[in-house]
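Undergrad:
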Amino acid sequence: MNEGAYTGLRVLDLGQGIAAPYCAMLLAMHGAEVVKLEPPGGDWSRGLGRRYGDHTAMSAHFNRGKKGLALDLRAPAGRDIALALARRADVVIEGFRPGVAARLGLGYAALAALNPRLLYVSVSGFGQEGPHIGLACTDSVAQAFSGLAALNIGNDGGPHRVGAMIVDALTGLYAAQALGVALYARERSGKGARLDLSLTQSAAAILGQKLAEHVLEDGRPQVVNVPTGAHRTADGWVMIALLREDDFVRLVTALGAPELARDPRFSSFAARAANAPAIFAALGAIFARETTAHWLKLLRAADILSDRINGFDDWLADPHIVATGGAVEVTPADMPAFKVPRTPGIPPEIDAALAPAPHIGEHGRAILADLGLDDAAVARLAAEKVVALP
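Residue numbering for the sequence shown follows my numbering, starting at 838 and increasing by one per position.
1) What residue does the beta strand (DSSP E) around GLU931 start on, and which one ends it?
2) Taking 9 angstroms as the threshold (C-beta atoms), are ILE1197 and ARG924 in contact?
3) Do you know whose CA, among ASP1212, ALA1219, TYR843, ALA861, lies nearest LEU1010's CA?
4) Give me, in chain order, the residues of the same chain whose beta-carbon lies closer than 6 angstroms to that of ASP927; leave out the 5 immediate sequence neighbours on both sides.
5) Is ALA897 closer than 9 angstroms to VAL1167 when the C-beta atoms are compared?
6) Leaving aside the five residues before and after GLY841 along the sequence, list all residues of the same chain whose C-beta is less than 6 angstroms from its C-beta, in chain order.
7) Can you give the beta carbon distance from LEU1226 to GLY1201, rounded, assuming they're within the 8 angstroms contact cut?
8) Considering Cα atoms alone, identify which of GLY936, THR1037, LEU956 is closest to CYS974.
9) Roughly how many whole angstroms lie between the Cα atoms of ALA1164 and ALA1049?
10) Considering only C-alpha positions, which residue in the set ARG954, ALA1113, PHE1124 is nearest to LEU1092?
11) Going by the DSSP bridge assignment, what does PRO1178 pair with across the sheet?
12) Along the chain, where does the beta strand (DSSP E) containing LYS904 start, and where does it finish?
13) From the DSSP output, in three-state form, read off SER983 for me.
14) Restricting to Cα atoms, I'd like to know which of ARG954, ALA1067, VAL1060, LEU1120 is closest to VAL1089.
15) Within 10 angstroms of the Cβ of ASP993, are there 16 or more other Cβ atoms? Answer buried if so, exposed if not.
16) Alpha carbons only, please: which of GLY1056, LEU906, ALA1122 is nearest the one belonging to THR1070?
17) Is it right to say ALA986 is buried, meaning 16 or more other beta carbons lie within 10 angstroms of its own, or is it exposed?
18) Output the distance between the C-alpha atoms of ALA1019 and SER977, rounded to the nearest integer angstrom.
19) Are PRO996 and ALA979 close, meaning C-beta to C-beta below 9 angstroms?
Structure, rendered in structure tokens:
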């Protein structure tokens, strides 16, 4: 059993998808007892992607370390069970659209009246107030709304979403961080609180520097660090980054083209930004002549920030990842084993020992028994389809 900082903490996870469940999983990694409460048909993430029984990669990853209870919250008996769990919980995390939890009788006001020490986390698309609270929102929508997609311009000249569901994960991280502070405050005051997290605000929060540049420079921020970026080699891609003016001299010298440093078009970051197509074309012709390994050897010898652009297989096989345990294997009993990146700040042995994500209703009998329901009562609830049991 994980004896972490949150051992003894009881968490009721009402979220689906990624953001709220990821927050709850991070709490479980620190020892919290997390009950994942989902509809009888399961969290919608169980159907998003290739299925392995009642799991997908998404649901199997973001719900590790939890106990599973499948409950129909529209049924009065189902709500009563959820209220009983909330009454004794330290933390409730919900990801409904604003107003839905209150209509189910599980809003903050109702639960705080039952449990004044409760920390109640609401995760939504646009937050709990403002003209957009009723709008549906996903990771992609949040990337678009926040300006993140507008910064990610492809070779086609158009904006693109980041390929991973990065905003959902960021929102879960922000929620877990906010909960840590709220738990510390509760130890001092004895009072609970409501935390309001949104995908769109989380997406915007990581763009602080870019927004500041936009405002300070009248919407035309200076392009910095040219020719920082991806360059195609003979067998792949290499990423380089420049921080100081003398980095460019060392770069082109390592590439065997010191004359580029004497070209007035490329004499400074500002000049290179004004002539970006020309410098990228010049470097592109050079990089294409040799392999990624060839260039990395020269670039690293010249102390240029650089690395190969890895695919997942490359990353998993990298000697640094192997040596540091950067990936942990998850071995569910009835689906193929898979690997996930180790969570920063979590010892690898704890990350690897986290229980696999529960099946729909997997721990329902034990959870209901702990609430005082006997076998006959549980059987009746199952027959009435209030709970779903394996």
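The beta carbon of each residue, even a glycine, is placed where N, CA and C say it ideally should be.
TA: Walking through what the data contain:
1) Stepping through the sequence shown from its first residue, residue 931 is reached at position 94. Its beta strand (DSSP E) spans residues 928 to 931.
2) Reading the sequence shown from its first residue, position 87 is the one you call residue 924. Reading the sequence shown from its first residue, position 360 is the one you call residue 1197. At the C-beta level, ARG924 and ILE1197 stay beyond 9 angstroms of one another.
3) For the purposes of this step, residue 1010 is taken as the residue at position 173 of the sequence shown. When each option's Cα is compared against that of LEU1010, the closest is ALA861.
4) Along the sequence shown, read from residue 1 onward, the residue named residue 927 stands at position 90. Around ASP927: LEU846, ARG847.
5) In the sequence shown, the residue the question calls residue 1167 occupies position 330. In the sequence shown, the residue the question calls residue 897 occupies position 60. It is a contact, given that the beta carbons lie within the stated cut-off.
6) The residue you call residue 841 lines up with position 4 of the sequence shown. Apart from the 5 residues on each side of it in sequence, GLY841 sits with its Cβ closer than 6 angstroms to the Cβ of HIS867, GLY868 in its chain, given in chain order.
7) Indexing the sequence shown from 1 puts residue 1226 at position 389. Indexing the sequence shown from 1 puts residue 1201 at position 364. About 5 angstroms; that satisfies the 8 angstroms criterion.
8) One-based indexing of the sequence shown puts residue 974 at position 137. Considering only alpha carbons, the answer is THR1037.
9) Stepping through the sequence shown from its first residue, residue 1164 is reached at position 327. Stepping through the sequence shown from its first residue, residue 1049 is reached at position 212. Rounded to whole angstroms, ALA1164 to ALA1049 spans 36 angstroms at the Cα level.
10) Here residue 1092 corresponds to residue number 255 of the sequence shown, with the count starting at 1. Of the listed residues, the one whose Cα sits closest to LEU1092 is PHE1124.
11) For the purposes of this step, residue 1178 is taken as residue 341 along the sequence shown, with counting starting at 1. Partner(s): ALA1164.
12) By one-based count along the sequence shown, residue 904 stands at place 67. Note, LYS904: beta strand (DSSP E), 903 to 908.
13) Residue numbering aside, residue 983 sits at position 146 when the sequence shown is read from its first letter. If DSSP states are grouped into helix, strand and coil, SER983 belongs with the helices.
14) As a working mapping, residue 1089 is identified with position 252 in the sequence shown. Out of ARG954, ALA1067, VAL1060, LEU1120, the CA that lies nearest to the CA of VAL1089 is found in LEU1120.
15) Mapped onto the sequence shown, residue 993 falls at position 156. So ASP993 ends up on the exposed side.
16) Taking the sequence shown and counting its residues from 1, one reaches residue 1070 at position 233. The shortest C-alpha separation from THR1070 is found at ALA1122.
17) In the sequence shown, the residue the question calls residue 986 occupies position 149. When all chains shown are included, ALA986 counts as buried.
18) Position 182 of the sequence shown holds residue 1019. Position 140 of the sequence shown holds residue 977. Their backbone Cα atoms lie some 29 angstroms apart in a straight line.
19) For this step, residue 996 is matched to residue 159 along the sequence shown. For this step, residue 979 is matched to residue 142 along the sequence shown. Not in contact: PRO996 and ALA979 (Cβ atoms no closer than 9 angstroms).
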